[in-house]
Amino acid sequence: AQSVSQHNHHVILSEAASLELGCNYSYGGTVNLFWYVQYPGQHLQLLLKYFSGDPLVKGIKGFEAEFIKSKFSFNLRKPSVQWSDTAEYFCAALYGNNRLAFGKGNQVVVIP
Amino acid sequence: DGGITQSPKYLFRKEGQNVTLSCEQNLNHDAMYWYRQDPGQGLRLIYYSQIVNDFQKGDIAEGYSVSREKKESFPLTVTSAQKNPTAFYLCASSRTGTGYGYTFGSGTRLTVV
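From first to last, the protein sequence lines stand for chains L and D.
For the first sequence, our numbering gives the first residue as 36, with consecutive numbering after it.
For the second sequence, our numbering gives the first residue as 1303, with consecutive numbering after it.
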């Protein structure tokens, strides 16, 4: 089955700390990968995406993600978080049947 | 500006009543999707449609129904058979084929009392 796994649903860290959120997807042939963010009270926004090419993808707000095909992973990173990064983060995989599968999300709280 | 419009933003209904959530897009996308978001569950696919007059069940279709009579519109009906209808519902659209991402609406929060 097409599925996406995210670990450590709740993450609490202080400002200026580094953030890494893990994402693993099930094998399904060609896969496009995404990270979305949902700030409190707001709708989903695209942080970054990987379709092909350079496996290190840079997104908005200083986020980046690395696609490692051998590990079926697409981990999200930010070297130094801010209070405004408090949000829920979702990893998603788009499979060949055009269905987008989401992970359960990471609730990230950044303490000032 | 092109986008997806979901209405209303908040919806309240009494238990046992059917309710229809609206989703309209002017992006000329062929495919449209309905997701349900619950805390700690991520987004789960309810129904999707790749083309007008055709749609498929997603992972949690029981208690829901959809129609796709026009390319721009993909309304979702939450029926009285849905055991836990209170949730946040998101509509999305995309071009078909790989290499395209989804565009999401701002969602409808349904509360059944």
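The C-beta atom is built at its ideal place from N, Cα and C for all residues, glycine as well.
What you are looking at is a predicted structure, and each value in this text was computed from that prediction instead of being measured.
Check                                                                                                                   : Outcome
Residue of Asp1332(D), Tyr1366(D), Leu1329(D) minimising C-alpha distance to Leu1347(D)                                 : Tyr1366(D)
Segment contact flag, the segment 65-73 of chain L with the segment 98-111 of chain L, C-beta cutoff 8 Å, min 3 pairs   : yes
Three or more C-beta pairs below 8 Å linking the segment 111-123 of chain L and the segment 1376-1394 of chain D        : no
Closest residue to Ser38(L) among Val1415(D), Gly1409(D), Asp1361(D), Thr1307(D) (Cα-Cα distance)                       : Asp1361(D)
Min CB distance Phe125(L) to chain D below 8 Å                                                                          : yes
Per-residue burial, Ser1395(D) [other beta carbons within 10 Å of its own, 16 or more giving buried]                    : buried
CA nearest to the CA of Tyr60(L), picked from Asn141(L), Gln73(L), Ala136(L), Val144(L)                                 : Ala136(L)
Which of helix, strand or coil DSSP assigns to Asp1361(D)                                                               : coil
Within-8 Å CB hit, Gly138(L) to chain D                                                                                 : yes
Nonlocal neighbours in the same chain, by C-beta distance under 6 Å from Leu1345(D), ignoring five residues either side : Tyr1337, Gln1339
Proximal residues to Ala1389(D) (C-beta, below 7 Å), its chain only, five neighbours per side dropped                   : Arg1338, Gln1339, Asp1340, Leu1412
Residues near Pro114(L) by beta carbon distance below 6 Å, same chain, minus five either side                           : Ser53
Proximity of Thr1379(D) and Asn133(L) at Cβ, strictly below 8 Å                                                         : no
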